[in-house]
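Just so we're aligned, residue 1 is where the sequence shown starts under full-length UniProt numbering, counting upward by one.
To keep things clear, I will list the structure first and then write my remarks on it.
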Amino acid sequence: MNLENKSTPALSETVAKTADVSAKEFEGMTRQQLIERLMALEQEKRAQRFEATECGHICAGMQELITHISDTHVGSGKPTYRCEWEGCARNQKPFTKRHKMYNHLRTHTGERPFVCPKPGCGKRFSRPDSLTTHIKTHSNVRPYICPAAGCHKAYYHARSLKKHEKTHE
1 MNLENKSTPA LSETVAKTAD VSAKEFEGMT RQQLIERLMA LEQEKRAQRF EATECGHICA
61 GMQELITHIS DTHVGSGKPT YRCEWEGCAR NQKPFTKRHK MYNHLRTHTG ERPFVCPKPG
121 CGKRFSRPDS LTTHIKTHSN VRPYICPAAG CHKAYYHARS LKKHEKTHE
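This is how it looks when you write it as structure tokens:
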């Protein structure tokens, strides 16, 4: 018996469930036609864009989009803060903490309220963590030591050591 030319109701129902369409669309189709239609529907499904209109984030599927929207844009109960600076590269992406938005705003205003306490230094920073990082340069303690054999370099910051380690590669 050649299944290629026979209509297969059970397969058409499976295709309908998989593709989320009406089974009537598949009535009278041969098995081969059903398989081809299913493949076409899958291709269409993959071609669909699942994009969050609020932020432009693109997701792999509808469930991922729903999760993104609920986690990022809806009902977290937490307030969000947005940079309203015209032309800001963040493009209205929200901050969850007000102080983080204020720190960000300083990138637009140029304000640097955090001053190095070392006499004679005078360096200023827009963020407190940048000042903390800078203060380490005034001590003689360099806790980040190169592990390479024969190399005795040491650094104030982990990122400087990481950059240095690339010279040994």
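For every residue, glycine included, the Cβ atom is placed at its ideal position computed from N, Cα and C.
Note that the structure is predicted; figures quoted are calculated from it, not measured.
By DSSP, does residue i sit in helix, in strand, or in coil?
i	result
residue 98	helix
residue 154	strand
residue 37	helix
residue 30	strand
residue 42	helix
residue 51	strand
residue 124	strand
Residue range of the alpha helix (DSSP H) that residue i falls in?
i	result
residue 62	62-72
residue 165	158-165
residue 133	128-135
Residue i and residue j look like a contact to me (Cβ under 8 Å); what is the Cβ gap, rounded to whole Å?
i	j	result
residue 133	residue 157	6 Å
residue 80	residue 96	6 Å
residue 124	residue 115	5 Å
residue 55	residue 93	7 Å
With distances taken from CA atoms, which of the options is nearest residue i?
i	options	result
residue 149	163, 111, 169	169
residue 121	138, 52, 82	138
residue 98	89, 82, 74	82
residue 131	42, 147, 112, 69	112
residue 53	65, 104, 60	65
residue 117	103, 69, 136, 162	136
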